[in-house]
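A.B. asks:
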Amino acid sequence: MFQRTLGANDVMIPDVIEVTLVRRSAIRQEDLSDETVTYPVPGLDYPNDPTHKDLPLAFA
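No gaps in the numbering here: position 49 of the sequence shown is 49 in the numbering used here, and each next residue is one more.
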């Protein structure tokens, strides 16, 4: 899930949320990880609007 800041207001609720869904049956158990991931990933994720920064998302 990526949260984009296109027109985000003062309470940090974005106007646009980009979500990717994956069917559970398409994921093998051995491909899952217990590591903590924080988005956006530097060098991989870029804002849709270069004049606005992405909002950070952390998953534990």
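Each residue gets a CB set at the ideal place from its N, CA and C atoms; glycine is no exception.
Owing to the predicted nature of the structure, the values given are computational and were not obtained by experimental measurement.
Let me check one thing: in DSSP terms, what residues is T38 bridge-paired to?
C.D. replies: Answer is A58.
A.B. asks: Tell me where the beta strand (DSSP E) around E18 begins and ends.
C.D. replies: From DSSP, the beta strand (DSSP E) with E18 extends over V16 to E18.
A.B. asks: For R24, which of helix, strand or coil comes out of DSSP?
C.D. replies: Three-state result, R24: helix.
A.B. asks: Verify whether the separation of the beta carbon atoms of P56 and T38 is less than 9 Å.
C.D. replies: Yes; because the gap between Cβ atoms is below 9 Å, this pair is in contact.
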